[in-house]
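Novice:
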Amino acid sequence: MFSSNRLEIARKRRKLTQNDLAKKIGIEARTIRGYERCEYEPANEILVKIASVLDFPVEWFQEEDLFLPMENIVSFRSLARMSAGNRNAALAAGSIGFIFNKWVEKRYTLPKLDVPFIDSQEPEAVAESLRRKWGIGELPIKNMIHLLESKGIRVFSMSEDTLEVDAYSFWKDGVPFIFLNTKKTTERSRFDAAHELGHLVMHRHNDSSGKNAEREANSFASAFLMPKGGMLANSSFFAAVELERLIELKKHWLVSISALIYRLHSLKILKEARYRSLYIQLSQRGYRTNEPNTYPREMSLTLTQIFRFLQKEGISKEKIAAELRIPVEEINNLIFGMTITSISEASFVSQSKERPASYLRVIK
268 MFSSNRLEIA RKRRKLTQND LAKKIGIEAR TIRGYERCEY EPANEILVKI ASVLDFPVEW
328 FQEEDLFLPM ENIVSFRSLA RMSAGNRNAA LAAGSIGFIF NKWVEKRYTL PKLDVPFIDS
388 QEPEAVAESL RRKWGIGELP IKNMIHLLES KGIRVFSMSE DTLEVDAYSF WKDGVPFIFL
448 NTKKTTERSR FDAAHELGHL VMHRHNDSSG KNAEREANSF ASAFLMPKGG MLANSSFFAA
508 VELERLIELK KHWLVSISAL IYRLHSLKIL KEARYRSLYI QLSQRGYRTN EPNTYPREMS
568 LTLTQIFRFL QKEGISKEKI AAELRIPVEE INNLIFGMTI TSISEASFVS QSKERPASYL
628 RVIK
């Protein structure tokens with residue numbers, strides 16, 4: 268059995284066009300097109316070459332077809348400036364994240380889904396509503412990834428070698444997924460996570476693409492990370508605040524200075540002249556591109572606990588990869604840079620200092 272769908276996924280994961288792959292193998296592009304259209308199957312020697320070029324096991328191409336997220340069901344940040352190769356590679360990573368999640372779900376009970384669909388309000392009101400439902404009130408969100416995971420959202424990383432891809436999200440089989448680019452700053456990644464949460468909550472049954480949906484998700488993210496009540500409570504102080512003080516205050520809300528200034532202006536706490544002055548200072552100091560006083564990247568608490576369980580069971584990433592018929596590097600790309608030098612020898616290294624999530628259970 269040969270899966271044309273898996274060929275497409277592996278090819279896109281490597282950012283190759285059909286022409287690119289054909290040249291590397293030494294065959295005509297129309298032959299690759301024929302394989303992907305299910306018109307015919309490659310001979311064994313050609314399949315071996317394909318597997319070698321794409322760096323996937325031969326067995327990968329001989330399993331059943333997989334779900335491949337398509338652009339029309341996915342919310343993508345920065346789609347307009349994204350190349351087709353980077354977009355396709357990121358979407359193909361979604362396929363691998365999906366099958367890895369299935370593998371995990373067979374072994375562990377993950378948090379119960381608690382992500383409502385709210386589309387009848389303005390983004391500001393949706394953010395307030397969700398904060399109330401989740402019992403956050405006006406408090407800062409100390410860890411976005413942990414919060415999302417505790418509500419049943421599957422959060423994975425993308426180690427894409429590009430800044431074009433910010434993040435994307437989708438629903439599949441009633442389960443919400445978010446993929447975050449680890450090349451971004453912590454502040455940007457938190458905003459991306461909140462942005463994608465906005466899509467999941469507001470656009471589940473609507474079109475999540477287009478400029479209007481992006482504006483709504485941006486407004487939601489700003490309001491969710493920096494709630495109106497908390498900001499207005501200190502409005503008199505913020506109105507005349509200096510940039511140096513904002514650099515300190517960003518630690519409270521865990522957002523970028525730029526996002527904090529924008530939020531203060533959108534709430535009319537900062538007048539136009541003060542708003543422009545602060546942005547000019549940001550540019551002059553290079554803070555628009557180099558965030559000052561950044562903090563450690565957020566890590567997945569769910570994945571941390573899963574790999575601790577696997578460590579005790581003597582199951583390595585290599586074993587998981589072999590079972591899923593994928594290169595082990597594809598697993599590394601999904602787990603936020605956690606390094607597991609030897610699970611069977613109980614060596615586990617992670618940037619996360621959080622205790623394991625109490626909501627994760629092993630399925631007996």
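For the sequence shown, our numbering assigns the number 268 to the initial residue and increments by one for each residue that follows.
We treat Cβ as the ideally placed atom computed from N, Cα and C, and that holds for glycine.
1) From K517 to A289, what does the alpha carbon distance come to, in whole angstroms?
2) So, for S502: in the same chain, excluding its five sequence neighbours on each side, which residues have a beta-carbon less than 7 Å away from its beta-carbon?
3) Applying the criterion that 16 or more other CB atoms from any shown protein chain within 10 Å of the CB defines a buried residue, is E326 buried or exposed?
4) Within a Cβ cutoff of 8 Å, which residues of the same chain sit near T449, ignoring the five residues on either side of it in sequence?
5) State yes or no: is the C-beta of F384 within less than 8 Å of the C-beta of R281?
6) Look at the alpha carbon of V432 and the alpha carbon of I445, and state the distance between them as a whole number of angstroms.
7) Would you mind sorting Y307 into buried or exposed? The rule is 16 or more other CB atoms within 10 Å of its CB.
8) Where are the alpha helix (DSSP H) runs, 4 residues long or more, that stay fully inside the region 535-577, in chain order?
9) Just to confirm before moving on: does the CB-CB distance between M469 and V393 stay below 8 Å?
10) Cβ of A461 within 8 Å of Cβ of A488?
11) Give a yes or no on contact between the region 410-420 and the region 312-322, applying the rule of three or more CB pairs nearer than 8 Å.
12) Is P407 helix, strand or coil by DSSP?
13) Look at the Cβ atom of S533, then the Cβ atom of R555, and state whether they are nearer than 8 Å.
14) Is I292 close to chain D? Criterion is C-beta to C-beta, closer than 8 Å.
15) Here's a check: name, in chain order, each residue in its chain whose Cβ is nearer than 6 Å to the Cβ of E395, leaving out the five neighbours to either side.
16) Alpha carbon to alpha carbon, what distance is there between R575 and I528?
Specialist: Let's see:
1) One-based indexing of the sequence shown puts residue 517 at position 250. One-based indexing of the sequence shown puts residue 289 at position 22. Cα to Cα, the separation comes out at about 51 Å.
2) Taking the first residue of the sequence shown as position 1, residue 502 is located at position 235. Hits under 7 Å: I536.
3) As a position in the sequence shown, residue 326 is number 59, starting the count at 1. E326 should be labelled exposed.
4) Here residue 449 refers to the residue found at position 182 of the sequence shown. Excluding positions up to five away in sequence, the list reads S424, M425, S426, S456, R564, F603, G604.
5) In the sequence shown, counting from the first residue as 1, residue 384 sits at position 117. In the sequence shown, counting from the first residue as 1, residue 281 sits at position 14. No, the pair does not count as a contact, with Cβ atoms beyond the cut-off.
6) In the sequence shown, counting from the first residue as 1, residue 432 sits at position 165. In the sequence shown, counting from the first residue as 1, residue 445 sits at position 178. Near 13 Å, if we compare the C-alpha coordinates of I445 and V432.
7) Here residue 307 corresponds to residue number 40 of the sequence shown, with the count starting at 1. Per the 10 Å Cβ criterion, exposed.
8) 539-552
9) Residue numbering aside, residue 469 sits at position 202 when the sequence shown is read from its first letter. Residue numbering aside, residue 393 sits at position 126 when the sequence shown is read from its first letter. In this structure, V393 lies closer than 8 Å to M469 by Cβ.
10) As a working note, residue 461 is residue 194 in the sequence shown. As a working note, residue 488 is residue 221 in the sequence shown. Going by C-beta atoms, A461 is nearer than 8 Å to A488.
11) Between the region 410-420 and the region 312-322, the count of Cβ pairs shorter than 8 Å is below three; the stretches do not touch.
12) Along the sequence shown, read from residue 1 onward, the residue named residue 407 stands at position 140. Residue state, collapsed to three classes: coil.
13) The sequence position of residue 533 within the sequence shown is 266, counting from 1. The sequence position of residue 555 within the sequence shown is 288, counting from 1. No, they are not a contact pair.
14) Considering every chain present, this structure includes no chain D. It has just one protein chain.
15) Numbered from its first residue, the sequence shown carries residue 395 at position 128. Answer for E395: no residue qualifies.
16) On the sequence shown, position 261 is the one that residue 528 refers to. On the sequence shown, position 308 is the one that residue 575 refers to. Between I528 and R575, the C-alpha separation is close to 40 Å.
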